[in-house]
RNA sequence: GGCGGCAUAGCCAAGCGGUAAGGCAGAGGACUGCAAAUCCUUUACCCCCAGUUCAAAUCUGGGUGCCGCCUCCA
């Protein structure tokens, strides 16, 4: 089985740390509102990956976090007048409602940032001790220049980033590229006590802490949308590897975006459809089929017609299943004739091709193509078989 | 400006060195009382220009166009 690894930029043979075991960490949502169709893509992609690996005999451990401590949650809680953690919790429930409807299997563990503050603080302390972080006025920053391999995932150099910096620089940081591990609490914000005063963790630290806590220092597959490559995943590597001196992730997998008129569907652009709205109009299997019918790394453009098309295409596959069922119930003779043996042979061939396609970087588009070929083969056989039966 | 990705039929989408899977839509035909479903037939100068090769959609160089990341984002 080969997998495209963002880290190397090419497909690599999947060799897990332990044979027949695969540990997957998928970045979950920041729960400050309902998820949209674009958010659903990685859910379906990695859920399908997980199911396929299980089908292939792997013992899969799957962890997906919830970011329930975050600026956006805090902002939202101000707007709504609801306590931040309560609001986050509420949207976690809403998330599960959507994900369950979409038939996404629950992860083995769904850790939340808010429940791992102690672990996070300990990790930050260690990073300070090792010289990878420094405290300023209750904030703690990661010292990017101390981590020599910074930029290896996203293909950037620290020098380039410093010269092309577009962000207003926090004067207290040693370098513009340094990022927050711990943020001092401003009035009215949720906080936890720490050696640096009251505050809360930065976004990136929770993932590396929870991932290593539940899956070990080195995990097999870490997945997420390609917008997380930089800075989020880059920072996770910096945090985790500075601490353990071991490779944090063996295979980084990133899905492409869902777009509308070729533009990324995103909350900030406002061009999004809520998952639950879509699921009101189309059943989960159709939505899943639509999301998986294109290779996971390619962009996927959305418009009204696409789901309708997916519905028809999926219907074709389902019809075959129905016809087979009907045929088996009505078939008088249990004998398998020559034609049937021939059919079975071909179907089995196609089945192998299906597996080959899936094994090649999870090529669901090609694999689905083989499904239609199987469908067609069976339909043709049945068309003549029914005719003979009718005689 | 830096880094990366993509350009294949009316639409969507595989293929990644040996002359184009599959789906949707369309056309013609078969079957059926009508319909649905299904079957048969049919629909591609692979963005442009150079180059490498016996052979390129597939590799190299140069264009053009679109998109993403560099700030929160799946």
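Numbering (this note's numbering), first residue to last: 424 to 814.
From the three backbone atoms N, C-alpha and C, an ideal C-beta is built for every residue, glycine too.
So residue i and residue j are in contact, right, with Cβ under 8 Å, and what is the actual spacing, rounded?
{"i": "residue 547", "j": "residue 604", "result": "5 Å"}
{"i": "residue 770", "j": "residue 661", "result": "Rounded, the Cβ-Cβ distance is 49 Å, inconsistent with contact."}
{"i": "residue 665", "j": "residue 555", "result": "4 Å"}
{"i": "residue 641", "j": "residue 430", "result": "At roughly 13 Å, the Cβ-Cβ gap does not stay under 8 Å, so residue 641 and residue 430 are not in contact."}
{"i": "residue 576", "j": "residue 657", "result": "5 Å"}
{"i": "residue 535", "j": "residue 469", "result": "About 19 Å separates the two Cβ atoms, so there is no contact after all."}
{"i": "residue 734", "j": "residue 705", "result": "6 Å"}
{"i": "residue 466", "j": "residue 522", "result": "6 Å"}
{"i": "residue 493", "j": "residue 524", "result": "Rounded, the Cβ-Cβ distance is 25 Å, inconsistent with contact."}
{"i": "residue 805", "j": "residue 746", "result": "5 Å"}
{"i": "residue 622", "j": "residue 606", "result": "5 Å"}
{"i": "residue 532", "j": "residue 483", "result": "No, residue 532 and residue 483 are not in contact; Cβ-Cβ is about 12 Å, not under 8 Å."}
{"i": "residue 628", "j": "residue 543", "result": "6 Å"}
Taking only three categories from DSSP, how would you classify residue i?
{"i": "residue 489", "result": "strand"}
{"i": "residue 438", "result": "coil"}
{"i": "residue 717", "result": "coil"}
{"i": "residue 576", "result": "coil"}
{"i": "residue 648", "result": "strand"}
{"i": "residue 595", "result": "coil"}
{"i": "residue 480", "result": "coil"}
{"i": "residue 461", "result": "helix"}
{"i": "residue 807", "result": "helix"}
{"i": "residue 601", "result": "coil"}
{"i": "residue 430", "result": "coil"}
{"i": "residue 711", "result": "helix"}
{"i": "residue 705", "result": "coil"}
{"i": "residue 562", "result": "strand"}
{"i": "residue 620", "result": "coil"}
{"i": "residue 583", "result": "helix"}
{"i": "residue 726", "result": "coil"}
{"i": "residue 514", "result": "helix"}
{"i": "residue 385", "result": "Outside the displayed span of the chain (424 to 814) sits residue 385, for which this structure offers no information."}
{"i": "residue 454", "result": "coil"}
{"i": "residue 446", "result": "strand"}
{"i": "residue 692", "result": "coil"}
Would you kindly work out how many angstroms separate the C-alpha atoms of residue i and residue j, rounded to a whole number?
{"i": "residue 600", "j": "residue 653", "result": "12 Å"}
{"i": "residue 644", "j": "residue 669", "result": "15 Å"}
{"i": "residue 677", "j": "residue 750", "result": "43 Å"}
{"i": "residue 773", "j": "residue 727", "result": "32 Å"}
{"i": "residue 790", "j": "residue 474", "result": "15 Å"}
{"i": "residue 625", "j": "residue 803", "result": "59 Å"}
{"i": "residue 649", "j": "residue 675", "result": "10 Å"}
{"i": "residue 687", "j": "residue 681", "result": "6 Å"}
{"i": "residue 571", "j": "residue 582", "result": "12 Å"}
{"i": "residue 563", "j": "residue 511", "result": "24 Å"}
{"i": "residue 820", "j": "residue 450", "result": "There is no way to answer for residue 820, as the model of the chain reaches only from 424 to 814."}
{"i": "residue 679", "j": "residue 432", "result": "14 Å"}
{"i": "residue 462", "j": "residue 692", "result": "14 Å"}
{"i": "residue 593", "j": "residue 776", "result": "55 Å"}
{"i": "residue 597", "j": "residue 721", "result": "38 Å"}
{"i": "residue 503", "j": "residue 723", "result": "34 Å"}
{"i": "residue 471", "j": "residue 609", "result": "42 Å"}
{"i": "residue 794", "j": "residue 565", "result": "49 Å"}
{"i": "residue 618", "j": "residue 497", "result": "23 Å"}
{"i": "residue 737", "j": "residue 655", "result": "36 Å"}
{"i": "residue 630", "j": "residue 685", "result": "30 Å"}
{"i": "residue 499", "j": "residue 560", "result": "26 Å"}
{"i": "residue 520", "j": "residue 707", "result": "13 Å"}
{"i": "residue 788", "j": "residue 801", "result": "20 Å"}
{"i": "residue 501", "j": "residue 425", "result": "47 Å"}
{"i": "residue 651", "j": "residue 438", "result": "24 Å"}
{"i": "residue 742", "j": "residue 799", "result": "11 Å"}
{"i": "residue 442", "j": "residue 480", "result": "10 Å"}
{"i": "residue 796", "j": "residue 574", "result": "44 Å"}
Given the structure, does residue i come close to the ligand ATP, in the sense that its CB is under 8 Å from one of the ligand's heavy atoms?
{"i": "residue 808", "result": "The ligand ATP is absent from the structure shown, which contains no ligands of any kind."}
At which residue ranges does the stretch 518-557 contain complete alpha helix (DSSP H) runs of 4 or more residues, listed in the order of the chain?
-> 540-552
With a cut-off of 8 Å, do at least 3 Cβ pairs link the stretch 455-462 to the stretch 683-701?
-> Verdict: yes, contact present.
On the three-pair Cβ rule with 8 Å, is the stretch 551-561 touching the stretch 532-542?
-> Contact fails between the stretch 551-561 and the stretch 532-542, because fewer than three Cβ pairs, one in each stretch, are under 8 Å apart.
Are the stretch 475-485 and the stretch 705-716 in contact at 8 Å, needing three or more beta carbon pairs?
-> A contact between stretches requires three or more CB pairs, one per stretch, nearer than 8 Å, and the stretch 475-485 fails this requirement with the stretch 705-716.
Is the stretch 431-446 touching the stretch 631-648 in the sense that three or more CB pairs, one from each, lie closer than 8 Å?
-> With contact defined as three or more Cβ pairs closer than 8 Å, the stretch 631-648 and the stretch 431-446 are in contact.
Report yes or no: do the stretch 496-516 and the stretch 611-620 share at least 3 C-beta pairs separated by less than 8 Å?
-> yes
Taking only runs of the beta strand (DSSP E) that begin and end inside the stretch 744-785, which ones reach a length of at least 3 residues, in chain order?
-> none
Enumerated in chain order, which unbroken segments of the alpha helix (DSSP H) with a length of 4 residues or greater are wholly contained in the stretch 637-690?
-> Complete alpha helix (DSSP H) runs here, min 4: 657-667.
Taking contact to mean at least 3 C-beta pairs separated by less than 8 Å, is the stretch 774-786 in contact with the stretch 727-736?
-> no
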